[in-house]
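*Asks:* Chains as they are written, first to last, in numbering that gives the first Met the number 0: chain V, 0 to 214; chain F, 0 to 146. Glycine included, every Cβ here is placed at the ideal spot set by N, Cα and C.
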Amino acid sequence: MKADPSGTVSPGAAGAAGSPGAADAAVQQPPLPVKMVIAGGFGVGKTTTVASISEIEPLTTEAAITTVAAGVDDLSHTPEKTTTTVAMDFGCITLDPTLKLYLFGTPGQERFGFMWDDVVEGALGGLVIVDARRLDDCYAAVDYFENRDIPFAVALNAFDGKVEYELDEVRWALDVSDHVPVTVFDARERGSVRDTLLVVLELALERVERAQGRA
Amino acid sequence: MKVAGEEPVEGDGALDEDGGGRASAVRPFLLTAGRVAGTAGTSKGPPIPIETQVVATSGGLAALDSFASEHREIIAACRRPQSLAELAARLRLHLNVVRVLADDLRAQGRLRVYVPRANAAQDASVLRRVIDGLRTVPDSRGFLREG
């Protein structure tokens, strides 16, 4: 544990927790926080997904996101950026005393390109929840993760246990890369949410291991 | 006044999940003297991550009564480690206001701010720990909530 006099502490390689704070023994050591991002259109089940697995009732906070206006100035190639405040639901799971996973449900769909860098920076991976009847709503999220090279999966929320579209059709319609898992899940079922998050995490791990193998 | 951090704030569930801002608008920004995290005029570099853990120091807790309400609420809520996101939600403050206030309190030695490593997502051992931890989560339903 390194602690500089300013009070900002950089957790060591083993994570933030484990060693008692040298400077202030009374300070409880926090866990290493990690996060995943749950994206998708309005009403697709982001908050339900978070609620199904969170150990706390989902909280709502307001974050600033940057929206890039659809009308881009072609001469300058500088999209007009606007900062918007949006409500964001999130929850968390304490995986062990030294490790806590946060799940942030990020809003964003429609005609804007959203930049969630404030939320997404450092995320282990993303999950794009899809309602097969409204595939348009998730293009922005798919593009976002693809462009930023963040490991993600597309998960079709099986409302009422029914999936009206074949996964291959969804994959084709969204035009996601072959390496992006497309799966079906039930946002109301904890086990289903857990397994879907694991798909993303295993993809992330595979990528890191492959990158290290090349290095 | 409600003691901060005791229980989750009922998150204005009536509002649509992608809805716009509505929390206490003006006063927090007065407290930050108009400073907003992540914009010019505050600390250099990108804003600290929303999952950043914040913990009150014993000095901060001892001096609790000497602080104005928002500062006091933040310190009190940080008896146990909290993320910036949790603080903002529970105290109903804008995330960027919490960022500024937490940084002020850190500079005064009242809070410790544990900025997570930037490269955790590229760390295979962290990913394995998350995977192993998540696998132990049982099948049954999570926190029951309608809607």
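1. Alpha carbon to alpha carbon, how far is aspartate 130(V) from leucine 104(F)? Give it in angstroms, no decimals.
2. Quick one: is glycine 20(F) near chain V, going by C-beta distance under 8 Å?
3. In this structure, does DSSP put serine 82(F) in helix, strand or coil?
4. Short of 7 Å Cβ to Cβ, which residues in the region 111-133 of chain F face chain V?
5. Using only CA atoms, which one of Val33(V), Pro29(V) and Gln28(V) lies nearest to alanine 119(F)?
6. Return helix, strand or coil for isoleucine 74(F), following the three-state DSSP convention.
7. Listing by chain order, which chain F residues have their CB less than 9 Å from the CB of glutamate 201(V)?
8. Given that a residue counts as buried once 16 or more other Cβ atoms are within 10 Å of its Cβ, and exposed if not, what is alanine 171(V)?
9. Is it true that the region 123-138 of chain F meets the region 69-88 of chain F, where meeting means three or more beta-carbon pairs spaced less than 8 Å apart?
10. Can you list, in chain order, the residues of its chain with a C-beta nearer than 8 Å to that of serine 82(F)? Leave out the 5 residues immediately preceding and following it.
11. By DSSP, does asparagine 146(V) sit in helix, in strand, or in coil?
12. Anything in chain V within Cβ reach of arginine 89(F), meaning under 8 Å, just list it in chain order.
13. Should alanine 75(F) be listed as close to the ligand SAM, given that the test is whether its C-beta is under 7 Å from any heavy atom?
14. Given a threshold of 16 other Cβ atoms within 10 Å of its Cβ, counted over all protein chains shown, does alanine 21(V) qualify as buried or as exposed?
15. For leucine 102(V), which option in Thr195(V), Arg206(V) and Asp136(V) has the closest C-alpha, if you only look at C-alpha atoms?
16. Considering Cα atoms alone, identify which of Pro57(V), Leu94(V), Gly121(V) and Glu61(V) is closest to histidine 93(F).
17. Kindly list the residues whose CB is nearer than 6 Å to the CB of alanine 203(V), restricted to its own chain and excluding five residues on each side of it in sequence; keep chain order.
18. Where does glutamine 47(F) fall in DSSP's three states?
19. Check the DSSP bridge columns for isoleucine 128(V) and list the partner residues they point to.
20. Does glycine 40(F) have its Cβ less than 8 Å from a Cβ in chain V?
21. Beta-carbon within less than 6 Å of glycine 44(V)'s beta-carbon, same chain only, minus the 5 sequence neighbours each way: which residues are those?
22. Does arginine 213(V) have its Cβ less than 8 Å from a Cβ in chain F?
23. Taking phenylalanine 89(V) as the query, report the chain F residues whose CB atoms sit under 7 Å from its CB, ordered along the chain.
24. Quick one: Cα of threonine 97(V) to Cα of glutamate 54(V), how far?
25. For isoleucine 128(V), would you say it is in contact with chain F, using Cβ-to-Cβ distances shorter than 8 Å as the test?
26. Considering only residues of the same chain and omitting the five flanking positions on each side of valine 198(V), which have a CB-CB separation below 7 Å?
27. Under DSSP, the beta strand (DSSP E) around leucine 110(F) begins and ends at which residues?
28. One question on the structure: do threonine 56(F) and glycine 132(F) come within less than 8 Å of each other, judged by their Cβ atoms?
29. At a Cβ threshold of 8 Å, is aspartate 95(V) touching chain F?
30. Shortest alpha-carbon distance to glutamate 188(V) belongs to which of Thr46(V), Gly39(V), Met35(V) and Phe41(V)?
31. Give the residues of chain F in contact with alanine 157(V), contact being defined as C-beta atoms less than 9 Å apart.
32. Roughly how many angstroms separate the alpha carbons of threonine 59(V) and leucine 166(V), rounded to a whole number?
33. Thinking just about the alpha-carbon of each residue, which of Glu205(V), Gln27(V) and Gly190(V) is nearest to the one in histidine 178(V)?
34. Look at the Cβ atom of isoleucine 37(V), then the Cβ atom of threonine 105(V), and state whether they are nearer than 8 Å.
35. For valine 207(V), report the span of its beta strand (DSSP E) as first-last.
36. Whose C-beta lies closer than 8 Å to the C-beta of valine 63(F) among residues of the same chain, with five residues either side of it excluded?
*Replies:* Reading from the atomic positions:
1. 44 Å
2. Unreliable positioning characterises glycine 20(F) in this predicted model, as indicated by a pLDDT of 41, which lies under 50. A coordinate reading is not provided.
3. strand
4. Arg111, Val112, Tyr113, Val114, Pro115, Arg116, Ala117, Ala119, Ala120, Gln121, Ala123, Val125, Leu126, Arg127, Arg128, Val129, Ile130, Gly132 and Leu133
5. Val33(V)
6. helix
7. Leu126 and Ile130
8. The question names alanine, but residue 171(V) is tryptophan in the sequence shown. So tryptophan 171(V) counts as exposed.
9. no
10. Ile49, Glu50, Thr51, Gln52 and Val53
11. helix
12. Leu58
13. Here there are no bound small molecules, and the ligand SAM is not part of this structure.
14. Caution applies to alanine 21(V), whose pLDDT of 45 falls short of 50 and renders its modelled position unreliable; the value that the coordinates give is listed next. Flag for alanine 21(V) reads exposed.
15. Thr195(V)
16. Glu61(V)
17. Leu123, Gly124 and Pro150
18. This sequence places isoleucine at residue 47(F); glutamine is not what is there. Here isoleucine 47(F) sits in coil by DSSP.
19. Gly39(V) and Ala154(V)
20. In this predicted model, glycine 40(F) has a pLDDT of only 40, less than 50, meaning its place in the structure is not dependable; the value taken from the coordinates is given anyway. Chain V, which has no Cβ nearer than 8 Å to the Cβ of glycine 40(F), makes this no.
21. Ile128, Asn156 and Ala186
22. no
23. Ala84
24. 16 Å
25. no
26. Ala152, Pro180 and Thr182
27. 110-113
28. no
29. yes
30. Thr46(V)
31. Here the premise fails: no neighbours, minimum Cβ distance about 16 Å.
32. 32 Å
33. Glu205(V)
34. yes
35. Premise fails: valine 207(V) lies in the alpha helix (DSSP H), 189-213, not in any beta strand (DSSP E).
36. Reading the sequence as shown, one finds leucine at residue 63(F) and not valine. Here the set comprises Arg71, Ile74 and Ala75.
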